[in-house]
Amino acid sequence: MAKQFFILWLALSSQILLTDAFIYQNAIEIYSLHIDCKVMSRYAHTVITSRIVNRGNESKEAVFDVELPKKAFITNFSMTIDGEIYPGIIKEKQAAQTQYESAISRGQSAGLVKSAGRKLEKFSVSVNVEAEGKVNFELHYEQLLDRKLGKYELITKVKPKQLVKDFQIDTHIFEPQGIAFLETGSSFLSNEMNDAVIKTQEETKAHISFKPTLSQQRKNPESEETLLDGNFIIRYDVKRNVPVGDIQIVNGYFVHYFAPKEMPVFPKNIIFVIDQSGSMSGNKIQQTKEALGKILEDLDPKDYFNLIVFNWHSSYWNPTLLQASKKNVESAKQYVQTIQAGGGTNINEALLTAINSLDQATQEESLPEKSISMIILLTDGDPTVGETNPKLIHKNIKQANQGKYFLYCLGFGFDVSYSFLEKLALDNSGLARRIYEDSDAALQLQDFYSEVAIPILKEININYIDNAVEGVTENNFKLLYDGSEIVVAGKLDSEIDTFSLEVKAQAHGSNLTLKESANVKEKAQAFEYQKYIYGNFIESLWAYLTIQQLLEKSVLEQGAGKKNLENQALNLSLKYSFVTPLTSMVVTKPEAKELVNKPTEQDNEYFQEQNPRLAGSSHLFRHPSRGVPGLLSTSTRFRASPPKPSGTQLLVSSSARLRGPPAAVPHTVVHPGYSGTVDPHFLFQVPHEKFLVCVTFSCQPQTPLNLLSDPEKGIQVTGKFGENKHFTQFEIIYPRLNLEINVSTKQITLKSNGSSDSFMWNDTESLTTEGLNITLTSGESLFLSGPDNLVTKIFYIPPPLDRLGLYFENSNSFSKQVTGLFGPFFSDTYFEIHSGQIRFISVQGQLYLSTRTRGKDYRTGSSQTELFCWPLQIKN
164 MAKQFFILWL
174 ALSSQILLTD
184 AFIYQNAIEI
194 YSLHIDCKVM
204 SRYAHTVITS
214 RIVNRGNESK
224 EAVFDVELPK
234 KAFITNFSMT
244 IDGEIYPGII
254 KEKQAAQTQY
264 ESAISRGQSA
274 GLVKSAGRKL
284 EKFSVSVNVE
294 AEGKVNFELH
304 YEQLLDRKLG
314 KYELITKVKP
324 KQLVKDFQID
334 THIFEPQGIA
344 FLETGSSFLS
354 NEMNDAVIKT
364 QEETKAHISF
374 KPTLSQQRKN
384 PESEETLLDG
394 NFIIRYDVKR
404 NVPVGDIQIV
414 NGYFVHYFAP
424 KEMPVFPKNI
434 IFVIDQSGSM
444 SGNKIQQTKE
454 ALGKILEDLD
464 PKDYFNLIVF
474 NWHSSYWNPT
484 LLQASKKNVE
494 SAKQYVQTIQ
504 AGGGTNINEA
514 LLTAINSLDQ
524 ATQEESLPEK
534 SISMIILLTD
544 GDPTVGETNP
554 KLIHKNIKQA
564 NQGKYFLYCL
574 GFGFDVSYSF
584 LEKLALDNSG
594 LARRIYEDSD
604 AALQLQDFYS
614 EVAIPILKEI
624 NINYIDNAVE
634 GVTENNFKLL
644 YDGSEIVVAG
654 KLDSEIDTFS
664 LEVKAQAHGS
674 NLTLKESANV
684 KEKAQAFEYQ
694 KYIYGNFIES
704 LWAYLTIQQL
714 LEKSVLEQGA
724 GKKNLENQAL
734 NLSLKYSFVT
744 PLTSMVVTKP
754 EAKELVNKPT
764 EQDNEYFQEQ
774 NPRLAGSSHL
784 FRHPSRGVPG
794 LLSTSTRFRA
804 SPPKPSGTQL
814 LVSSSARLRG
824 PPAAVPHTVV
834 HPGYSGTVDP
844 HFLFQVPHEK
854 FLVCVTFSCQ
864 PQTPLNLLSD
874 PEKGIQVTGK
884 FGENKHFTQF
894 EIIYPRLNLE
904 INVSTKQITL
914 KSNGSSDSFM
924 WNDTESLTTE
934 GLNITLTSGE
944 SLFLSGPDNL
954 VTKIFYIPPP
964 LDRLGLYFEN
974 SNSFSKQVTG
984 LFGPFFSDTY
994 FEIHSGQIRF
1004 ISVQGQLYLS
1014 TRTRGKDYRT
1024 GSSQTELFCW
1034 PLQIKN
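Sequential numbering of the sequence shown, starting at 164, is according to this note's numbering.
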């Protein structure tokens, strides 16, 4: 059996979820699948056990494929094959990565699996199963459940893809405060399957069992297809009888849950800052308008609000904030319907405008006393005009805000830089959230607003008295919303008899002070029996919460401060065996090793959320464009060849499989491999992998090259090389607009209806001509936003390099008629991947061999850096 080496990437949600519990092939049969979840005071420990057998007469490959909640940490994984156990070992990520690189250098195969779902990340592992052989998979993961809108929610997405003789979901819940309500539901339960759900509930305990028989799983009595395809949901909340919250103590660790009820609500002063740039056109702007209409209707009459829309510049709905009266809300809703998308993205100006508006209203005392002021930003892209340096934007907004107003940043889709928005929000006491480009995007926006719509406390400080505690997690909070919950954990001094705490906060109309003292032994005795069932869950909860908070704080730090926080998180991850963004799990199996990695949200920015319907031998994946010089956004096809009896494989998006080379490699390979460093003409990202392909053209200087022509969309782009063998001229023609734009390293010329205007690269200009929005940023870029949602950007790299970079922002807007040198990269490019690396690239049927090398990267301007990429050289 050939040695295999995989990296399995995992990323960060807030409910317990599971899907695709197992993907099987051919004669591989799941004869048992159990999902056992124990929830102890909101802390959930889930174990997934799958037993499979190969009923065939030859060896087959089995794939254990599970979706986890993004906030979950894997704590254990093992496989049992022919009675031998192959465990997972958690190591520091760099050490594991070194092992991975070493394997590559020895010729072992390597692959990548990534996930960028809303609430999920996928864990996958494959193994060869001999004829009549059996394999047991067992995966453990842990998570603290978040309380949102007054409830905790466990979602198990069930999708075994075959009938399973022994299928069971078993959930035990223990909440010492008492269970206030409990409900179950499913998107696939039929009347025949209802009695497969058994629910028992006591004062503090609940047991939910879902165990459908084979006949209940069938779509119909004669069918071999399963009905199990959807979400199995458990929702509950706990009783809250003590205002100061619930204190629990086990083995020297404590947890304090604080969620007061029936508190007066702060009025809000809220400014919605809405991106109306060209990239928001189509569904995005329509869904935003729909959501805003609903959100405006939900404003409390005591609230004050305003709307700011922005592209190159910002504009108000109203000069000042207005009270949310029925008349004003209706007027705002009418204004929302007039918003149209077009232009650039000036985030810096928009946020400064919102802050200035709140400052002015505060100075004029036109806002209600003791109210909460917040800004909600919705954007789908990086800043492209005005101030575009993310570090300067962070600095500008933080200095202007000075902690006065809460900033929430919603990133629409995957074109946006989530790391930029996350730091922007955390710097200003808010949070960031990604809004996914699905049919329910408007509902996602409304749900987010509902979470922050009812502020009940601010400046919450929880103090634990007499220096009796250490290692306390975050205990100062800026804001608490109705329906949410504060969780604090820490270690207790072994000599302490009484545990005392004090909660201070500002409520609407008064200050709040709550005190409580608890007998440590009595509290510990209350869990004497449960700790034998659930283990020392509070210590695990403390470690889990501490790691999450250290990672969040590290986002705001740099240099030594950042490294110190990451080291603390790493040490805890290793001590408690958590797979976090700083650790990896090395899974040992016969003749192979695998790495299980957990990426951050930023790692997923290159990857669109996958379409679960992808199947068959050819899979079309689209990836987001990236606003950087010389990066061409493409729509790229991956072709999957028929599987071979043995060999390497790459799991793409956990379900698509690519194996083996094409039938034969022709002798007309143009590029046998570079030596030295590549100086590419443009770069593009291979979808779903962090592969950069660096493309160079072999062309004569000053020879016009047809780069792109799309008659259906009405755009033609040609280019010329200079003596430096790089692009120094571009000509962009819009035939329908009777408009021609000539761009060189010397100047920009606009020709329209017989007239001509010229600009130099040190000019700054913003204008609209024949329906085309044009923005020239001095010494940096030319931004063109035209009809049909086509956005083109040309980057200027000054002497001594003296060259131009070309970038298409919405490449998926091009039609199938697109031709030219760039045309195939939008319509007819295939990648054959072996051992986790690009081996062959096919462009319009021509195969090219490519081997990884170093390439120059000019995406940050003339100060190039070096990166690894796969070179492709095309002769014109």
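Ideal Cβ positions, reconstructed from N, Cα and C, are used throughout, including at glycine.
- [ ] May I ask you to list the residues that DSSP assigns as paired with Q449?
- [x] Its beta-bridge partners do not exist; DSSP assigns none.
Open item on the list: Quick check on DSSP: helix, strand or coil for G986?
Closed with: helix
Task: Close-in-space but distant-in-sequence residues of the same chain around L156 (CB under 7 Å, 5 per side omitted) - done: Since the first residue of the chain shown is 164 and the last is 1039, residue 156 is not available in this structure.
TODO: Give the straight-line distance between the Cα atoms of H197 and P375, rounded to the nearest whole angstrom.
DONE: 12 Å
Open item on the list: Using the Cβ count rule (16 or more neighbours within 10 Å means buried), how would you classify S780?
Closed with: Below a pLDDT of 50, predicted positions are generally treated as unreliable, and S780, at 24, falls in that range; the measurement from the model is reported next regardless. Exposed: under 16 other Cβ atoms inside 10 Å.
- [ ] Give the single residue among Q879, N626, P553, Y399 whose Cα lies nearest to the Cα of Y581.
- [x] P553
TODO: State the Cα-Cα distance for the pair M242 and K686, rounded to the nearest angstrom.
DONE: 39 Å
Task: Counted within 10 angstroms of its Cβ, other Cβ atoms place R218 as buried (16 or more) or exposed - done: exposed
TODO: Tell me N936's beta-bridge partners as DSSP assigns them.
DONE: T931, S948
- [ ] In the DSSP assignment, find the unbroken alpha helix (DSSP H) run with N511 in it and report its ends.
- [x] 510-526
Open item on the list: Can you tell me whether A616 is buried or exposed? The criterion is at least 16 other CB atoms within 10 Å of its CB, across all chains shown.
Closed with: buried
Open item on the list: Using CA atoms only, rank isn't needed, just tell me which of D392, Q380, I371 is closest to L398.
Closed with: It should be pointed out that residue 398 corresponds to Arg in this sequence rather than to Leu. Checking every option, the nearest Cα to that of R398 belongs to I371.
Task: Residue range of the alpha helix (DSSP H) that includes E715 - done: 700-717
Open item on the list: Considering just the uninterrupted stretch of the beta strand (DSSP E) at S478, what are its terminal residues?
Closed with: 477-479
TODO: Go through its chain and collect everything with a Cβ distance to Y627's Cβ below 6 Å, but skip five positions before and after it.
DONE: L664
- [ ] Ignore the nearest five residues each way along the sequence and tell me which others in G549's own chain have a CB closer than 6 Å to its CB.
- [x] N509, N511, E512
- [ ] Would you kindly check if the distance between the Cβ of I710 and the Cβ of F741 is under 8 Å?
- [x] yes
TODO: Take G441 as the anchor and find which of G506, Q500, Q486, L570 has the nearest alpha-carbon.
DONE: G506
TODO: Grab me the residues of K256's own chain with a C-beta within less than 6 Å of its C-beta, minus the 5 sequence neighbours each way, in chain order.
DONE: L745, T746, S747
TODO: Can you have a look at N126 and say buried or exposed, based on whether 16 or more other CB atoms are within 10 angstroms of its CB?
DONE: The first residue shown for the chain is 164 and the last is 1039, placing residue 126 beyond what the model contains.
Task: Whether H419 touches V226 by CB criterion (8 Å) - done: no
TODO: Determine the contact status of F351 and E301, defining contact as a CB-CB distance below 8 Å.
DONE: no
- [ ] Helix, strand or coil for K978, going by three-state DSSP, please let me know.
- [x] Looking at the sequence itself, residue 978 is Ser, so the reference to Lys does not match. Looking at S978 - three-state DSSP - the assignment turns out to be coil, as it is neither helix nor strand.
Open item on the list: Cutting at 6 Å between CB atoms, please list the residues of its own chain near K431, excluding the five before and the five after it.
Closed with: D466, I535
Open item on the list: Among I336, S386, T347, R381, whose alpha-carbon lies nearest the alpha-carbon of E365?
Closed with: I336
Task: Residues that DSSP places opposite R1043 in a beta bridge - done: A question about residue 1043 goes unanswered here, because the residues of the chain that appear run from 164 up to 1039.
- [ ] Can you give me the Cβ contacts of E886 inside the same chain, cut-off strictly under 8 Å, excluding the 5 residues immediately before and after it?
- [x] P864
TODO: Determine the extent of the alpha helix (DSSP H) in which D610 is found, giving its start and end residues.
DONE: 604-615
Open item on the list: With a threshold of 6 Å on Cβ separation, who are the neighbours of I560 within its own chain once the five nearest residues in sequence on each side are excluded?
Closed with: L514
Open item on the list: Which residue marks the beginning of the beta strand (DSSP E) containing N357, and which one marks its end?
Closed with: Unbroken run through N357: none, as it is neither H nor E.
Task: Three-state secondary structure (DSSP) of S592 - done: coil
TODO: Drop a sphere of 10 angstroms on the beta-carbon of L813, count the other beta-carbons inside from all chains shown, and report buried for 16 or more, exposed for fewer.
DONE: Note that L813 scores a pLDDT of 20, beneath 50, so its modelled location is shaky and nothing firm can be said.
Open item on the list: Count Cβ pairs between the region 886-898 and the region 469-476 that sit closer than 8 Å; are there 3 or more?
Closed with: no
- [ ] Could you spell out where the beta strand (DSSP E) holding H335 opens and where it closes?
- [x] 329-337
TODO: Note down the Cα distance separating H671 from S477, rounded to an integer number of angstroms.
DONE: 33 Å
TODO: With DSSP as the reference, label D1020 as helix, strand or coil.
DONE: strand
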